[in-house]
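**Student:** Handing you a structure now.
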Amino acid sequence: MTPSGLMVIPDALRRVPCDHRGVSPARPPLQRQRDGALVAGVASGLARHLGLEPLVVRLVFAALTVAGGAGLLAYAAFWVFVPQVGGDAVPSPGREQLQVPALAALTLGGFLVLHEVFAFPGGSALWPALVIGIGVAIVWQQADDAQRRRWLGANDGSGTALRVAGGVVLLVSGAIAFVATNHELTRTMNGIVAVLVVAAGLVLTFAPWWWRLLNDFTAERRVRIRSQERAEVAAHLHDSVLQTLALIQRRSGSPDEVQRLARSQERELRSWLYSRADELPGGGLAGALEAAAASVEDEHGISVEVVTVGDVSLDEHVEAVVRAAREAMVNAAKFADAGLVAVFAEVEDNGITVFVRDTGKGFEPATVPADRRGLAESIIGRMERHGGVATVRSVPGEGTEVELRLPRALS
Amino acid sequence: MTVPRVVIVDDHQMFRAGVRVELADAVEIVGDAEDVESAVQVIRSTAPDVVLLDVHLPGGGGKAVIEHVSATTPEVRFLALSVSDAAEDVIGVIRAGARGYVTKTISGPELADAVRRVADGDAVFSPRLAGFVLDAFAGSAEVRVVDPELDQLTTREREVLRLIARGYTYKELARRLEISVKTVETHVSAVLRKLQLSSRHELTRWATDRRLI
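Taken in sequence, the protein lines are chains A and B. Each step along the first sequence adds one to the number in the numbering used here, with nothing skipped, and position 124 is 124. In the numbering used here, each residue's number is its place in the second sequence (first place is 1) plus 1000.
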């Protein structure tokens, strides 16, 4: 490919919005126009974009084609990459008639180039090749139409099929004639050449079709993914928020219940919206504490606010801390008579510290009945078994704070 | 003591109405707004003491309101409110100049107290904000330290933040540490200043890792 052929493609791909540079806002975008097209609308589209006469552009393409074939390649590249727009109107019959000699000229030009450049066996093979060219051109032309009508899904599918079939018949018969005229030269090669020619013809014919089909699929997939996401959001909101709102309306007589429902819905929605990207695999301390707080909120109808700084993976010792913390939250819910429990966990280099605090009625640690196993067993005993310490500070009338500490060496 | 004049900025009409009722006895509400543009107008025309500012607002968020207003009327103070726990949003609005952050689940009396505090020029830290700040200033900085004084919290400041994160009010905290409430406020204001001026926030994990969907 010549440099000139290479350089036009990026421009075509970029399709710079015209008002972007503020030079001439009237400049239309680079698009292939259905109306005004002789072959595929490349020259007329380019002319409109550049503000030139279509004839000038066509002459440039022709000149480049004659001088080494770059024009043909550039034209093909534009055809493939520049989208076609407008022109839902059927082209006038006059136009159609004009297109035939244009296609023929293009094919003849292409053949002459091949003849010059590759010392193609000329003469008798020229006319079969022309037939092939026209066949290809008709099918290519068809690819544009078909795309506009969403391929075969459109109402005039029969006409489309007819035109494709006609193109293919022309293509195959041309190929056979081409091989036949040359058959005395290399009799043994006949079969192979025939297959190669037909295969090459098919590839040439259907390449743009496949290309466009691929583009269609990508666009369709994007739309499908977006609508799936929407459906997922809608389904989630329906299962969670709408259900809860319905429940709240029915239980509006019970403020505690409404509060609990709202709180648990808020938590659920929040974790869905702001699911933490930094969450440890398998759930870390932070996640486990939040889950524990959530279950206590649901079971005991109080609010538990969890604040964590840093995180650490769960192992049996860390899990013991979470269970002890949960027990402390449950105690606060059951005995403190407080509306809110604050949980603060901090992971540092030298260990884990968790505080569970309420501002409820508090108690005298010395007066806790012996049958209350929760504090002694589930909190203090558990922490000690795992090499940690639990400290309980409580002042009657002011509240209770349980501090759980697990040194790092053990975690 | 004069009653603080307050503007409420929130895009939910129901929330504005609720706050109006809750704060009616404690403050004088001089206006409200539902987006960035109208908020800037209302604040400029009423010059309130405190703006209750939703972090998430149509037209650029609470941050944009602060940025617009502080250019012309720097004496207005902001208290950020949100239902969101996205750390970067909260820290963002604080760094823009808000004097504090509370969640919308805060009770009426607590909110009134927070407004009064902000009106007096103090900082208001919720437990969650204290957690965010501890997170942001956690660990030893392997950073190009521009200003070491701004880049570290003192032991006392950490202690204060930890107690706030544990759910202590300023008063409870002062008693616990055997210092005055005024000293607590001084510490919190110092933390706020560091948060607003330090470059540390850029290095924290939540700034990059925690994202909305």
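Glycine is no exception: its CB is placed at the ideal position from the N, C-alpha and C atoms.
#1: Ends of the alpha helix (DSSP H) at isoleucine 958(B)?
#2: Need the endpoints of the beta strand (DSSP E) that tyrosine 1101(B) sits in, please.
#3: Considering just the uninterrupted stretch of the alpha helix (DSSP H) at leucine 273(A), what are its terminal residues?
#4: Hey, is alanine 390(A)'s beta-carbon within less than 7 Å of any beta-carbon in chain B?
#5: Given a cut-off of 7 Å on the beta-carbon distance, is the pair alanine 980(B) and alanine 1039(B) in contact?
#6: Listing by chain order, which chain B residues have their CB less than 7 Å from the CB of arginine 357(A)?
#7: With 7 Å set as the bound, which would you pick, yes or no: does the beta-carbon of glycine 1060(B) sit closer than that to a beta-carbon of chain A?
#8: Is the region 1014-1027 of chain B touching the region 1113-1130 of chain B in the sense that three or more CB pairs, one from each, lie closer than 8 Å?
#9: Let me know if leucine 59(A) comes out buried or exposed under the rule of 16 or more other beta-carbons within 10 Å of its beta-carbon.
#10: Using DSSP bridges, identify the partner residues of glutamate 348(A).
#11: On the DSSP bridge assignment, give the partners of phenylalanine 206(A) in chain order.
#12: If we cut at 7 Å on Cβ distances, does valine 307(A) have a partner in chain B?
#13: Quickly, what does DSSP pair isoleucine 1029(B) with across the bridge? List them, please.
#14: Tell me which residues of the region 314-340 of chain A have at least one Cβ-Cβ distance to chain B shorter than 7 Å, keeping chain order.
#15: Measuring from the CB of glutamine 1041(B), is there a heavy atom of the ligand SAM at a distance below 6 Å?
#16: Ordered along the chain, which non-local residues of its own chain (more than five positions away) have a Cβ less than 6 Å from that of serine 252(A)?
#17: Could you check where the beta strand (DSSP E) with valine 60(A) kicks off and where it finishes?
#18: Report yes if the C-beta distance between leucine 1161(B) and alanine 1119(B) is below 7 Å; otherwise report no.
#19: With H, G and I counted as helix, E and B as strand and the rest as coil, what does DSSP make of threonine 1073(B)?
#20: Just checking, does the region 295-310 of chain A make contact with the region 334-349 of chain A on the three C-beta pairs under 8 Å criterion?
#21: Please go through the region 1120-1196 of chain B and give each complete alpha helix (DSSP H) segment of 4 or more residues, from N-terminal end onward.
#22: Which residue from Val341(A), Gly387(A) and Val322(A) puts its Cα closest to that of glycine 362(A)?
#23: Are the CB atoms of alanine 288(A) and valine 322(A) nearer to each other than 7 Å?
#24: If you count every other CB in all the chains shown that lies within 10 Å of the CB of asparagine 215(A), and 16 or more means buried, which is it?
#25: So, does the CB of proline 1109(B) fall closer than 7 Å to a CB anywhere in chain A?
#26: List the endpoints of the continuous beta strand (DSSP E) containing valine 296(A).
#27: Let me make sure I understand the geometry here. Which of Val395(A), Ile176(A) and Trp272(A) has the alpha-carbon closest to that of alanine 336(A)?
#28: Beta-carbon separation of valine 1050(B) and arginine 1016(B) under 7 Å?
#29: Note down the Cα distance separating valine 390(A) from methionine 329(A), rounded to an integer number of angstroms.
#30: Specify the secondary structure class of aspartate 311(A) as computed by DSSP and reduced to three states.
#31: In angstroms, rounded to a whole number, what distance separates the CA positions of valine 304(A) and alanine 294(A)?
#32: Under DSSP, the beta strand (DSSP E) around valine 1050(B) begins and ends at which residues?
#33: So that I know if they touch, is there some Cβ in chain B lying closer than 7 Å to that of alanine 294(A)?
#34: Which class does arginine 1016(B) belong to by DSSP, given the choice of helix, strand or coil?
#35: Put glutamine 84(A) into one of helix, strand or coil per three-state DSSP.
#36: Who does phenylalanine 363(A) pair with in a DSSP beta bridge?
**Tutor:** Quick look at the numbers:
#1: The requested residue 958(B) does not occur in the structure, where chain B is confined to residues 1001 to 1213.
#2: 1100-1103
#3: 255-273
#4: no
#5: This structure cannot settle anything about residue 980(B), because the visible part of chain B is limited to 1001 through 1213.
#6: Contact annotation for arginine 357(A) against chain B: Arg1166 and Gly1167 [CB-CB distance below 7 Å, chain order].
#7: Not a single CB atom of chain A sits nearer than 7 Å to the CB of glycine 1060(B).
#8: Verdict: yes, contact present.
#9: exposed
#10: Gly351(A)
#11: Note: phenylalanine 206(A) sits in no beta bridge, so no partner.
#12: yes
#13: Val1006(B)
#14: none
#15: The model on display carries no ligand, and the ligand SAM is accordingly not part of it.
#16: Same-chain partners within the cutoff: there are none.
#17: It is not in any beta strand (DSSP E) - valine 60(A) instead sits in the alpha helix (DSSP H) that spans 54-66.
#18: The Cβ atoms of leucine 1161(B) and alanine 1119(B) lie no closer than 7 Å to each other.
#19: Coil.
#20: yes
#21: List check, alpha helix (DSSP H) in window: 1127-1136, 1148-1151, 1155-1165 and 1170-1177.
#22: Val341(A)
#23: In this structure, valine 322(A) lies closer than 7 Å to alanine 288(A) by Cβ.
#24: Counting the other Cβ atoms within 10 Å of the Cβ of asparagine 215(A) gives fewer than 16, which makes it exposed.
#25: False, the Cβ-Cβ gap to chain A never drops below 7 Å.
#26: Looking at the DSSP string, valine 296(A) is not in any beta strand (DSSP E); the run it does join, the alpha helix (DSSP H), is 285-300.
#27: Val395(A)
#28: Not a contact, by the Cβ cut-off of 7 Å.
#29: According to the sequence displayed, residue 390(A) carries alanine and not valine. The straight-line gap separating the alpha-carbon atoms of alanine 390(A) and methionine 329(A) is approximately 14 Å.
#30: coil
#31: 8 Å
#32: 1050-1054
#33: no
#34: helix
#35: Strand, per DSSP.
#36: Checking the DSSP bridge columns, you'll see phenylalanine 363(A) has no partner listed.
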